[in-house]
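*Asks:* The sequence shown runs -26 to -1, 1 to 157 under mature numbering (1 follows the signal peptide of the UniProt record, and there is no 0).
Even glycine gets a Cβ: it sits at the ideal position worked out from N, Cα and C.
Here the structure is a predicted model, which is why all the values come from computation and not from measurement.
Shown below is the structure under consideration.
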Amino acid sequence: MNVTMKKTAVAMIVALMLAGCSSSDGDSPSRQPAEPVPTVKAIDYSKQSVQQLEQSATTAQKVLSDSQTKLTQVETQITEINRRITTLNEEIRVLEKAEKPDANALKEKRDALVEANQALTVQNKILVVAQQDVKQAQINVTNVQNILIEKKAEQEKPPVVVVPDNPSQPNQPTQPEQPSEPE
């Protein structure tokens, strides 16, 4: 196996590991990648204290940073796979145009192209999920920051004292009028 084929195989294995695999039959040589699922969930910060919100803001920012890093990694892998597909297509064209095409080499290149296309499909699915994770993480960061600002503002307000309308007159109970007796 040449170096480029080894790199393709390793890239595909990594892509499948990142996506997770499921197989209906353990003996089946072809495995179908499992659908990747979002890992960043919406969070309700409204019931947290200011201290909890400050911790949540730090955590939400870290989750956003991690999600953006993962997205960048997936985009890089897709770029590498696309380069590999372009190279394989060029190599296949050269082999097909040769006076004496090497059937074995042509088959290897086509097989590698199929694998690269499968890896691209997996990475595109992972890309969609990574983008969703980044969007949700951005929403979480914004939400926790807004709620933290609101709660801090509430703490800084002076307490409201309720003052009666007319404090100089004591409250007198009202007595219903007595009907007068007829004479």
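What's the call for N78, buried or exposed, on a 16-neighbour Cβ count within 10 Å?
*Replies:* With fewer than 16 other Cβ atoms within 10 Å, it is exposed.
*Asks:* With V102 as the anchor, note down where its alpha helix (DSSP H) starts and where it stops.
*Replies:* Looking at the DSSP string, the run of the alpha helix (DSSP H) that includes V102 is 77 to 130.
*Asks:* Just to confirm before moving on: does the CB-CB distance between L62 and L80 stay below 7 Å?
*Replies:* Not in contact: L62 and L80 (Cβ atoms no closer than 7 Å).
*Asks:* Count Cβ pairs between the stretch 42 to 53 and the stretch 88 to 99 that sit closer than 8 Å; are there 3 or more?
*Replies:* With a cut-off of 8 Å, the stretch 88 to 99 and the stretch 42 to 53 count as touching, because enough Cβ pairs lie within range.
*Asks:* Using the Cβ count rule (16 or more neighbours within 10 Å means buried), how would you classify E89?
*Replies:* Under this definition E89 is a buried residue.
*Asks:* Does any C-beta atom of chain C lie closer than 7 Å to the C-beta of K125?
*Replies:* The structure shown contains no chain C; it holds only a single protein chain.
*Asks:* Can you tell me whether I17 is helix, strand or coil according to DSSP?
*Replies:* Three-state DSSP puts I17 in coil, outside helix and strand.
*Asks:* Should D107 and T13 be called a contact, given that it needs their Cβ atoms to be closer than 7 Å?
*Replies:* For D107 and T13, yes; Cβs fall inside 7 Å.
*Asks:* Excluding the 5 residues flanking K75 on each side, which residues of the same chain have their C-beta closer than 8 Å to its C-beta?
*Replies:* Inspection of the sequence shows that residue 75 is occupied by Pro rather than by Lys. Closer than 8 Å at the Cβ level, and outside the excluded window around P75, lie L69.
*Asks:* On the DSSP letters alone, give me the boundaries of the alpha helix (DSSP H) that S39 sits inside.
*Replies:* Element bounds for S39: 24 to 71.
*Asks:* Going by C-alpha to C-alpha distance, which of I121, Q110, N120, Q92 sits closest to K36?
*Replies:* It is Q110.
*Asks:* Rounded to whole angstroms, what is the Cα-Cα separation between L94 and P132?
*Replies:* Whole-angstrom Cα-Cα distance: 59 Å.
*Asks:* Look at the Cβ atom of V11, then the Cβ atom of K125, and state whether they are nearer than 7 Å.
*Replies:* Not in contact: V11 and K125 (Cβ atoms no closer than 7 Å).
*Asks:* To the nearest angstrom, how far is the alpha carbon of I17 from that of K71?
*Replies:* Using only the alpha carbons, I get a separation of about 58 Å.
*Asks:* In angstroms, rounded to a whole number, what distance separates the CA positions of E65 and Q92?
*Replies:* If I take the Cα positions, the gap works out to 19 Å.
*Asks:* Going by alpha carbons, who is nearest to Q105 out of Q119, S39, A86?
*Replies:* Ranking the options by Cα distance to Q105, first place goes to S39.
*Asks:* Would you please state the rounded distance, in angstroms, between the beta carbons of V118 and S20? I believe it to be under 8 Å.
*Replies:* In fact, because the Cβ distance is near 10 Å, the residues do not count as touching under 8 Å.
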